[in-house]
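K.L.:
Position one of the sequence shown corresponds to residue 0 (numbering that gives the first Met the number 0), numbered consecutively onward.
Here a beta-carbon is modelled for each residue, glycine too, at the ideal position from N, C-alpha and C.
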Amino acid sequence: MSEFHPVVKILVEQFGVAADAFLPHKEQLIASRMDLMALKKVLLKHKIVEDTVYQKALAQFYELEYRDHFEDIENLEQFTEIIPIRYAKKFMFFPVKQESFDLEVALEDPSQFQPIDDVARKLKCRVIPIVSDHQTILNLINDAYERTSSTEQVVDDLETDQFQSILEDEAEDLIDAVDEEPVKRLVNNILWQAAREDASDVHLDPSPKETAVRYRIDGVLYNISTIPKEAHVTVINRVKVMSRLDIAQKGLPQDGRTRVLIAGKKIDIRVSTVPTVHGEKVVMRLLYQSEKLMELDDLAIGSKIRSNFDKMIGKTGGIILVTGPTGSGKTTTLYAVLGKLDRHAKNIVTIEDPVEYKIPGYSQIEVNQKIGLTFAHALRSVLRQDPDIIMVGEMRDTETAQIAIQSALTGHLVFSTVHTNSAPATITRLIDMQVEPFLVSSTIIGVLAQRLVRQICSECKEAYTPHEEQLREIGISEEQLKAVGGVLQKGKGCEKCRGSGYHGRMGIHELLLMNNQIKNVVLENSDENAIKQVALETGMVTLRMDGAEKVLQSLTSIEEVLSVTRDS
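#1: Which residue from Ala-299, Ser-199 and Asp-254 puts its Cα closest to that of Thr-325?
#2: Give me the Cα-Cα distance between Lys-489 and Ala-17, rounded to the nearest whole angstrom.
#3: Sort Ala-448, Asn-138, Leu-512 and Thr-555 by Cα distance to Ile-261 and report the nearest one.
#4: For the stretch 274–311, list the beta strand (DSSP E) runs that are entirely contained and at least 3 residues long, ordered along the chain.
#5: Which residue from Thr-564, His-277, Thr-397 and Met-33 puts its Cα closest to that of Lys-249?
#6: Relative to the C-alpha of Gln-499, which candidate in Met-293, Glu-558, Thr-135 and Asp-297 has its C-alpha closest?
#7: What does the Cβ neighbour count give for Tyr-501, buried or exposed, with the cut at 16 atoms within 10 Å?
#8: Who pairs with Glu-351 in a beta bridge, going by DSSP?
#9: Leaving out five residues before and five after Asp-155 in sequence, what residues of the same chain have Cβ atoms less than 7 Å from its Cβ?
#10: Assign Phe-308 to one of two classes, buried (16 or more other C-beta atoms within 10 Å of its C-beta) or exposed (fewer than that).
#11: Quick one, which of Thr-233, Glu-12, Asp-34 and Tyr-53 has its alpha-carbon nearest Lys-183's?
#12: As an exercise, report each continuous alpha helix (DSSP H) stretch of at least 4 residues that is fully enclosed by the stretch 203–286, in chain order.
#13: Please state whether DSSP places Gln-192 in a helix, a strand or coil.
#14: Report the partner residues of Asp-101 according to the DSSP bridge assignment.
#15: Can you tell me whether Phe-21 is helix, strand or coil according to DSSP?
#16: Nearest-angstrom Cα distance between Thr-564 and Asn-141?
#17: Just to confirm my understanding: we take Asp-352, look at its own chain, exclude 5 residues before and 5 after, and list those with CB closer than 6 Å. What are they?
#18: Quick check on DSSP: helix, strand or coil for Gly-506?
#19: Please report the residue range of the alpha helix (DSSP H) in which Leu-382 lies.
#20: Taking only three categories from DSSP, how would you classify Met-432?
#21: Pairs of beta-carbons, one from the stretch 295–305 and one from the stretch 272–287, closer than 8 Å: are there three or more?
#22: Starting from the Cα of Val-570, find the closest Cα among Gln-253, Val-212 and His-68 and give me that residue.
#23: Classify Leu-251 as buried or exposed, calling it buried when 16 or more other Cβ atoms lie within 10 Å of its own Cβ.
#24: Can the beta-carbon of Asp-50 be found closer than 8 Å to that of Leu-57?
#25: Whose C-beta lies closer than 7 Å to the C-beta of Lys-88 among residues of the same chain, with five residues either side of it excluded?
#26: Per DSSP, which residues does Phe-93 bridge with? Please list them.
#27: Just to check my reading of the structure: Glu-536 and Ala-424 have Cβ atoms closer than 8 Å, yes? What is that Cβ distance to the nearest angstrom?
#28: Distance check for Ile-246 and Ile-165, CA to CA, integer angstroms please.
#29: In this structure, what does DSSP give as the bridge partners for Glu-461?
#30: Which same chain residues, not among the five before or five after Asn-524, have their C-beta less than 7 Å away from its C-beta?
#31: The beta strand (DSSP E) that contains Ile-406, what's its start and end?
#32: Looking at the structure shown, is Ile-81 part of a helix, part of a strand, or coil, going by DSSP?
#33: Give the DSSP-derived three-state secondary structure of Tyr-65 in the structure shown.
#34: With a threshold of 16 other CB atoms inside 10 Å of the CB of Pro-109, please say whether the residue is buried or exposed.
#35: Between the Cα of Val-281 and those of Glu-478, Asp-204, Arg-379 and Thr-257, spot the shortest distance and give me the residue it belongs to.
#36: Could you check what DSSP says for Met-36 in three-state terms: helix, strand or coil?
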């Protein structure tokens, strides 16, 4: 190990990294010996160590303190006025605390003396370096430069004669932007605040006097601010330019998309405009590309349902459907399933409209109606690509459903979604789409129905005694309530949850397995109620039953479960 940098020796001796893990990359490691960040890049690329482990080893090498959180820091505005954000991100460092002549500075690379010397000279103090990991320092920088101005304050800076369209693309992180164009700053601010709130959608709703800015957070729309009526057209034009839409076309709906970088997060934005009597309404769907895709373990699928679902996705042929209304997380579930499959040993092809998350190792096809590339057309072509597993974004029509059925009959495993209210209703829906009952019974492996419910906020959670009528409606018995101490939990509302009592969302599920009893019902009678009755008799857990279990686990509330299962 002597030919490697001493940090490698520390990783082996102090952090238990296997010595033979470095040998296949010997030449690269030797070449990067003199550059600690280049060395780190090689180790992370080949997944030999994690970022935090490497930084801890680096701290030991320089005999410095390592810290991975800075929660007790004070207001950092004094440093943001002195240090430009681009300079802080270039060298990945930032001061965290100053006491007398001592200044603590969090940094990623202790071998970089220039920023330390610059800060020491500027503030006339002694710098005490503290090693941290890349993401922690990036979060620290972004938080420090967080714009204190609200959307209303940005609007106050607007002047009517300054309204105009900007024809450049976003090429920089919006949090870094110092563009003087007021409309551009306003749109940037709206998107930046939406990303900060983890909003899934941004609505710009025109009215006779003003335009409302609303964010959808955890499935609920919140009014955030307003824009003067005079600014509406120019703000809409700015959004159109960003998403490559026709600013001259105001009488027809348009769809576009763009990608921005906000506080280090890559976000795909799907833009939809429609004309209304008060002007064009815009909805922007935010897809956070920087976030790790959810895995099956993250979906809160109940143990009984999960056990059966795992068996289903292990099949080599057939159709597995995920159903639910728009925005119920169907695509997220399908991506989580695909992530569990072996993409190296299997040829996995997806057909989507649009492709929401680009994943290495999968062949992803985006439907394009304008040139005739429909789900059915793409599916026919995919079958000539020797696929093992096919994911069809949605079964919208009879043609797509019938081709998917034929694909399953020829030994392919097909995943898709259908818009129905329950798992039993999905079987009836396929038959209504003119798929023969015997084909449905012989190819469908199972149907997973799901809804999203809001989770109780962990910061303001409190116990309460539920009303008997509520318990009766959701199906919780006295014995079940006694088993959890006779009380349930709810959120009373706090700053973290915007006073709603909820923060974040989770799924509730219903799984129908195509067993022999259900096959017989499908062949004899395609009635939804008859299918549901047999499914319940053979052990199906319904959406409301799964929701009740999560209520007993203090994850969500009775009101939430009832609100999304009224039609179950």
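P.N.:
On the basis of the supplied data:
#1: Ser-199
#2: 48 Å
#3: Asn-138
#4: 278–287
#5: His-277
#6: Correcting the residue identity first, residue 499 is Ser in this sequence and not Gln. Comparing Cα positions, the closest option is Glu-558.
#7: buried
#8: Glu-365
#9: Confidence at Asp-155 is low in this model, with a pLDDT of 48, below 50, so its placement is unreliable and no value can be given for it.
#10: buried
#11: When the alpha-carbon of Lys-183 is set against those of Thr-233, Glu-12, Asp-34 and Tyr-53, the nearest one is in Thr-233.
#12: 231–241
#13: helix
#14: Glu-98 and Arg-125
#15: coil
#16: When the Cα atoms are used, Thr-564 and Asn-141 turn out to be separated by approximately 40 Å.
#17: Cβ neighbours of Asp-352 beyond the five flanking positions: Val-366 and Gly-392.
#18: strand
#19: Looking at the DSSP string, Leu-382 is not in any alpha helix (DSSP H), and its letter there is neither H nor E.
#20: coil
#21: no
#22: Because residue 570 is not part of the residues shown, which for the chain are 0 to 567, the question remains open.
#23: exposed
#24: Not in contact: Asp-50 and Leu-57 (Cβ atoms no closer than 8 Å).
#25: Ile-140
#26: Ala-105
#27: In fact, because the Cβ distance is near 18 Å, the residues do not count as touching under 8 Å.
#28: Only weak support exists for where Ile-165 lies, its pLDDT of 29 falling under 50; the coordinates are left without a value.
#29: Lys-489
#30: Nothing listed; no residue qualifies.
#31: Contrary to the premise, residue 406 reads as Ser rather than Ile in this sequence. Careful: Ser-406 lies outside any beta strand (DSSP E), inside the alpha helix (DSSP H) at 397–408.
#32: coil
#33: strand
#34: buried
#35: Asp-204
#36: helix
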